[in-house]
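Everything below concerns the one structure shown next.
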Amino acid sequence: MRAAGILPEDAPDPGAELVESLKLMPIPVMGLMPQPALEDWDAVGLSYSGGEVGYSEMTASITYTLWRNPDDRSDPVNLADLDETTRRSIEEVPPWPRPPWLIEYVERLRYPQLWEAVRTTWHRNPSERSSVRNLLVDHVNHILMNQYREELWPDGNPWDQHAPAVTGRMVNGQARTVVNGIDVPGAEVDTDPFVYGIGAQFPGGGVVTAVLPRAELKRIQVQFTTRS
0 MRAAGILPED
10 APDPGAELVE
20 SLKLMPIPVM
30 GLMPQPALED
40 WDAVGLSYSG
50 GEVGYSEMTA
60 SITYTLWRNP
70 DDRSDPVNLA
80 DLDETTRRSI
90 EEVPPWPRPP
100 WLIEYVERLR
110 YPQLWEAVRT
120 TWHRNPSERS
130 SVRNLLVDHV
140 NHILMNQYRE
150 ELWPDGNPWD
160 QHAPAVTGRM
170 VNGQARTVVN
180 GIDVPGAEVD
190 TDPFVYGIGA
200 QFPGGGVVTA
210 VLPRAELKRI
220 QVQFTTRS
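Note that the sequence shown covers residues 0 to 227 in numbering that gives the first Met the number 0.
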């Protein structure tokens with residue numbers, strides 16, 4: 000008999016199903032160009048909405064592990080700055096066997112994660128709401144709200160509602176970026192002290208955006224490529 004809430008050792012990896020779901024995207028899913036400092040470990044997400052006629056919009060997100068010293072992954076500089084609760088949850092090993100994918104996931108939490116760093120967004124019916132400007136602002140605010148809440152509102156409660164930290168007026172619509180090796184028009188948010196945002200619209204429809212920690216930008220080559 001297995002205790003409630005305990006995954007069996009042979010439990011399937013839910014991430015595999017998410018990776019497979021990316022095939023639903025009508026446009027190619029983008030990521031950052033392959034580089035030593037970033038590891039794409041198939042930490043993906045997919046959100047969508049629609050009705051009887053099918054999907055009306057879809058967003059795929061990619062999370063990366065950041066390696067500050069990719070040549071020596073045992074270097075302590077690679078470790079994330081964890082609070083005591085998170086550190087304890089990683090160190091405490093339960094007395095029952097766990098699925099290999101869960102062990103790998105928990106171990107990976109020791110290192111910095113660029114959560115939902117890249118988004119690819121598709122809308123069936125393009126509008127102002129689906130412009131690169133608006134989608135970039137949405138992405139930046141999403142990351143700030145979920146990853147930098149304590150820095151932005153140090154005395155706030157988790158359930159407090161706040162006005163967006165970034166608005167469309169803060170977007171530089173004259174920026175350039177690189178997509179699959181080609182220099183293209185883009186939009187950027189380069190005014191926030193915590194993150195840098197960049198994005199581009201595809202000629203055939205769809206938008207790619209990236210939101211990255213400003214403190215780590217020197218380690219990252221900010222160029223987009225179709226994710227394999």
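Even glycine gets a Cβ: it sits at the ideal position worked out from N, Cα and C.
Tell me the rounded alpha-carbon separation between residue i and residue j.
{"i": "Arg87", "j": "Gly180", "result": "43 angstroms"}
{"i": "Trp100", "j": "Leu17", "result": "14 angstroms"}
{"i": "His141", "j": "Asp191", "result": "13 angstroms"}
{"i": "Pro69", "j": "Ile5", "result": "34 angstroms"}
{"i": "Met24", "j": "Val210", "result": "21 angstroms"}
{"i": "Ser73", "j": "Asn145", "result": "28 angstroms"}
{"i": "Ala214", "j": "Val221", "result": "14 angstroms"}
{"i": "Pro212", "j": "Glu8", "result": "36 angstroms"}
{"i": "Arg218", "j": "Val52", "result": "44 angstroms"}
{"i": "Gly155", "j": "Glu106", "result": "30 angstroms"}
{"i": "Glu103", "j": "Pro93", "result": "14 angstroms"}
{"i": "Gly167", "j": "Pro184", "result": "17 angstroms"}
{"i": "Trp40", "j": "Pro125", "result": "31 angstroms"}
{"i": "Pro96", "j": "Thr84", "result": "22 angstroms"}
{"i": "Gly196", "j": "Leu81", "result": "24 angstroms"}
{"i": "Glu150", "j": "Phe201", "result": "34 angstroms"}
{"i": "Gly198", "j": "Phe223", "result": "9 angstroms"}
{"i": "Gly14", "j": "Leu21", "result": "11 angstroms"}
{"i": "Trp121", "j": "Tyr54", "result": "10 angstroms"}
{"i": "Ala10", "j": "Leu108", "result": "20 angstroms"}
{"i": "Met32", "j": "Ser46", "result": "23 angstroms"}
{"i": "Asn133", "j": "Glu56", "result": "14 angstroms"}
{"i": "Ala36", "j": "Met169", "result": "29 angstroms"}
Identify the residues that DSSP records as bridge partners of residue i: which are they?
{"i": "Gly198", "result": "Ala186, Thr208"}
{"i": "Gly50", "result": "Gly53"}
{"i": "Asp39", "result": "Tyr63"}
{"i": "Arg118", "result": "Ser60, Thr208"}
{"i": "Gln34", "result": "Leu37"}
{"i": "Thr224", "result": "Gly30"}
{"i": "Leu45", "result": "Ala59"}
Under 6 angstroms Cβ to Cβ from residue i, same chain only, skipping five residues before and after it: list those, please.
{"i": "Arg118", "result": "Thr58, Ser60, His138, Thr208"}
{"i": "Gly172", "result": "Ala186"}
{"i": "Val44", "result": "Before going on, a small fix: residue 44 reads as Gly here, not Val. Cβ neighbours of Gly44 beyond the five flanking positions: Ser60."}
{"i": "Ala163", "result": "Note on residue identity: the sequence assigns Pro, not Ala, to residue 163. Around Pro163: Asn140."}
{"i": "Val28", "result": "Leu21, Ala59, Thr119, Arg226"}
Ignore the nearest five residues each way along the sequence and tell me which others in residue i's own chain have a CB closer than 8 angstroms to its CB.
{"i": "Gly243", "result": "There is simply no residue 243 to check, as the chain begins at 0 and stops at 227 in what is shown."}
{"i": "Trp152", "result": "Asp159, His161"}
{"i": "Asp12", "result": "Pro98, Trp100"}
{"i": "Val76", "result": "Arg67, Asn68"}
{"i": "Tyr110", "result": "Thr64, Leu65, Trp66, Asn77, Leu78, Ala79"}
{"i": "Ser130", "result": "Gln200, Val206"}
{"i": "Gln34", "result": "Ile219, Gln220"}
Residues in the same chain with beta-carbon distance under 7 angstroms from residue i, minus the five sequence neighbours each way, listed in chain order, please.
{"i": "Glu38", "result": "Tyr63, Thr64, Trp66"}
{"i": "Ala3", "result": "Reliability of the predicted coordinates at Ala3 is poor, the pLDDT of 48 falling under 50, and the value obtained from them is presented with this limitation in mind. Taken in chain order, the list of residues that qualify is empty."}
{"i": "Asp182", "result": "Arg175"}
{"i": "Leu229", "result": "Since the displayed the chain opens at 0 and closes at 227, residue 229 lies outside it and no answer follows."}
Which whole-angstrom value describes the C-beta separation of residue i and residue j, a residue pair presumed to lie in contact below a C-beta threshold of 8 angstroms?
{"i": "Arg226", "j": "Gly30", "result": "4 angstroms"}
{"i": "Leu135", "j": "Val188", "result": "6 angstroms"}
{"i": "Phe193", "j": "Leu143", "result": "7 angstroms"}
With respect to 8 angstroms, is the separation between the Cβ of residue i and the closest non-hydrogen atom of the ligand SAM below this value?
{"i": "Trp100", "result": "In the structure shown, the ligand SAM is absent, as is every other ligand, since no ligand is present at all."}
Segments of 4+ residues assigned as alpha helix (DSSP H) that fall wholly inside the segment 86-116: 99-107
May I have a chain-ordered list of the beta strand (DSSP E) segments no shorter than 3 residues that lie completely inside the segment 132-195? 175-178, 181-184, 186-188
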